[in-house]
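Trainee: Residues 0 to 383 (numbering that gives the first Met the number 0) are what the sequence shown spells out, left to right. Beta carbons: idealized from backbone N, C-alpha and C, even for Gly. Keep in mind it's a predicted model, so treat the numbers as computed, not measured.
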Amino acid sequence: MKFCEVSGVTDSGRSGAQVPGKEPAQLELVDIRDHQLAERSALRLAALAYDYGDAVIIRDFKDRIIAWNRGAQKMYGYSEEEALGMNIRRLIPKTPPVRERELIRLPSQGRNPEPIETMRRTKDGRILEVLATFTVLCEENGSPVEIVSTERDITKQKLAERELRRLHTRVVSAQETERRRLARELHDGVGQILSGVKFRLESLPGKIALSGGDKEKVLELGGFLDNAISEIRRVSKNLMPSELEDLGLEPALRTLCREFKSQAGVQVTLRIGRIPKVVAPELALALFRIAQEALNNIGKHSGADMVSVDLSCKKREIALRVRDNGVGFIPGGGRPLNGRGIGLGSMRERAESLGGGIEFRSAPGVGTTLEVHTPLLSAGGYAR
Numbered sequence: 000m001k002f003c004e005v006s007g008v009t010d011s012g013r014s015g016a017q018v019p020g021k022e023p024a025q026l027e028l029v030d031i032r033d034h035q036l037a038e039r040s041a042l043r044l045a046a047l048a049y050d051y052g053d054a055v056i057i058r059d060f061k062d063r064i065i066a067w068n069r070g071a072q073k074m075y076g077y078s079e080e081e082a083l084g085m086n087i088r089r090l091i092p093k094t095p096p097v098r099e100r101e102l103i104r105l106p107s108q109g110r111n112p113e114p115i116e117t118m119r120r121t122k123d124g125r126i127l128e129v130l131a132t133f134t135v136l137c138e139e140n141g142s143p144v145e146i147v148s149t150e151r152d153i154t155k156q157k158l159a160e161r162e163l164r165r166l167h168t169r170v171v172s173a174q175e176t177e178r179r180r181l182a183r184e185l186h187d188g189v190g191q192i193l194s195g196v197k198f199r200l201e202s203l204p205g206k207i208a209l210s211g212g213d214k215e216k217v218l219e220l221g222g223f224l225d226n227a228i229s230e231i232r233r234v235s236k237n238l239m240p241s242e243l244e245d246l247g248l249e250p251a252l253r254t255l256c257r258e259f260k261s262q263a264g265v266q267v268t269l270r271i272g273r274i275p276k277v278v279a280p281e282l283a284l285a286l287f288r289i290a291q292e293a294l295n296n297i298g299k300h301s302g303a304d305m306v307s308v309d310l311s312c313k314k315r316e317i318a319l320r321v322r323d324n325g326v327g328f329i330p331g332g333g334r335p336l337n338g339r340g341i342g343l344g345s346m347r348e349r350a351e352s353l354g355g356g357i358e359f360r361s362a363p364g365v366g367t368t369l370e371v372h373t374p375l376l377s378a379g380g381y382a383r
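#1: Along the alpha helix (DSSP H) that carries residue 259, what are the first and last residues, could you check?
#2: Please name the residue or residues paired with residue 359 in a DSSP beta bridge.
#3: For the candidate residues 357, 285 and 80, whose alpha-carbon lies nearest to that of residue 252?
#4: Given that a residue counts as buried once 16 or more other Cβ atoms are within 10 Å of its Cβ, and exposed if not, what is residue 150?
#5: Would you mind reading off the limits of the beta strand (DSSP E) that contains residue 267?
#6: Indicate the three-state DSSP secondary structure (helix, strand or coil) for residue 130 in the structure shown.
#7: Just to confirm the assignment, what range does the alpha helix (DSSP H) spanning residue 154 have?
#8: In terms of alpha-carbon separation, which member of 231, 121 and 118 lies closest to residue 192?
#9: Could you please give me the residues that DSSP links to residue 307 through a beta bridge?
#10: Label residue 388 either buried or exposed according to how many other C-beta atoms from any shown protein chain fall within 10 Å of its C-beta, with 16 as the threshold for buried.
#11: Taking its Cβ as the centre, do 16 or more other Cβ atoms sit within 10 Å of residue 317, making it buried, or is it exposed?
#12: Check this for me: beta carbons of residue 366 and residue 324, under 7 Å apart or not?
#13: Under the three-state reduction of DSSP, which class applies to residue 87: helix, strand or coil?
#14: To the nearest angstrom, report how far apart residue 344 and residue 319 are at their CA atoms.
#15: Can you check which of these residues, 314, 315, 304 and 313, is closest to residue 322 by C-alpha distance?
#16: Exposed or buried, what is residue 190 when buried is set at 16 or more other beta-carbons lying within 10 Å of its beta-carbon?
#17: Rounding to the nearest angstrom, what Cα-Cα distance links residue 224 and residue 236 in this structure?
#18: Residue 164 to residue 311, Cα distance in whole Å?
#19: Measuring CB to CB, does residue 327 end up less than 7 Å from residue 364?
#20: Pull up the distance between the alpha-carbon of residue 372 and that of residue 117, whole angstroms please.
#21: Give the range of the alpha helix (DSSP H) segment to which residue 289 is assigned.
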């Protein structure tokens with residue numbers, strides 16, 4: 000069966016079949032089945048959006064709300080009658096995030112930005128954190144006419160994330176305190192004991208008569224003690240590098256790269272840009288530990304022979320990048336190659352605990368790049 004729209008037009012000026020005593024007429028038949036199906040589809044989509052759990056809001060380019068679903072009513076407290084015709088800016092806090100203001104302009108330019116985290120104000124004045132996605136609706140000629148936003152309340156999720164970061168910060172602080180204690184005990188306790196034993200051992204030939212074979216054994220034992228003392232100093236330094244506390248991040252990174260090059264036999268290039276003379280201790284420690292863990296993973300798993308470490312600062316943000324030319328791995332692709340995932344989670348948590356982020360770019364056979372960006376927490380001005 001076909002549905003048709005019938006329209007009649009008199010056409011006295013045209014020839015054709017005529018009914019005696021009547022003016023000629025032209026009939027136009029239009030198949031409207033597709034039109035009806037499209038209308039039904041639109042109604043189904045509208046009903047689905049209305050009952051959707053997230054807030055679905057449509058506004059015009061004067062920021063007036065023209066559609067408001069049940070999810071929006073539940074999330075923001077305004078009934079549909081209250082919301083229709085209301086300016087969308089009533090939902091936006093007085094000091095919205097910078098990106099929010101940018102996104103209000105982007106749809107008017109016919110572009111759909113990526114989902115963002117932003118803020119919304121409810122009818123009773125509460126501030127919600129939401130994940131918002133914007134879509135521009137256009138006319139057939141491409142002219143934008145309306146903006147659809149789908150908004151999900153992530154306030155509880157963000158509170159949980161902040162609590163996890165706070166707990167992680169406390170755990171890291173406790174770990175660093177314990178590392179300092181162990182470093183001191185190794186250096187001042189075990190290290191001093193071994194140094195005393197070595198001193199007494201070296202004094203034996205002058206106090207008692209030793210055969211040639213016994214003297215060789217004493218010298219051999221002395222060599223073992225030297226190795227043990229050196230290893231204790233190395234472990235103590237890794238637990239808490241003195242340069243980081245005494246001189247700051249830049250000297251500590253230089254020492255770290257120099258020692259890694261010596262121990263792993265890998266060519267290391269360190270580049271340090273214009274950074275503050277004094278970086279907040281918690282930031283300096285986090286960046287140092289991330290670089291340390293990255294180099295440790297490279298030495299154990301990558302098979303690289305070239306590594307670059309870059310530290311830079313731009314627009315109140317500090318960035319650390321560690322790159323190698325090793326075997327690479329598959330980020331997020333299940334089990335990393337050669338167990339490379341050890342320590343990656345710890346590095347991510349350190350960066351996120353400071354309000355930053357970390358990115359891994361890698362593929363088998365092309366090496367790995369680790370990049371960290373965190374807000375600059377400085378205790379001094381800019382250097383150089």
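Mentor: Checking against the coordinates, here is how it stands:
#1: 248 to 263
#2: 369
#3: 285
#4: buried
#5: 266 to 271
#6: strand
#7: 154 to 183
#8: 231
#9: 268 and 322
#10: No statement about residue 388 is possible, as the shown extent of the chain runs from 0 to 383 and does not include it.
#11: buried
#12: yes
#13: helix
#14: 17 Å
#15: 304
#16: buried
#17: 18 Å
#18: 25 Å
#19: yes
#20: 20 Å
#21: 280 to 296
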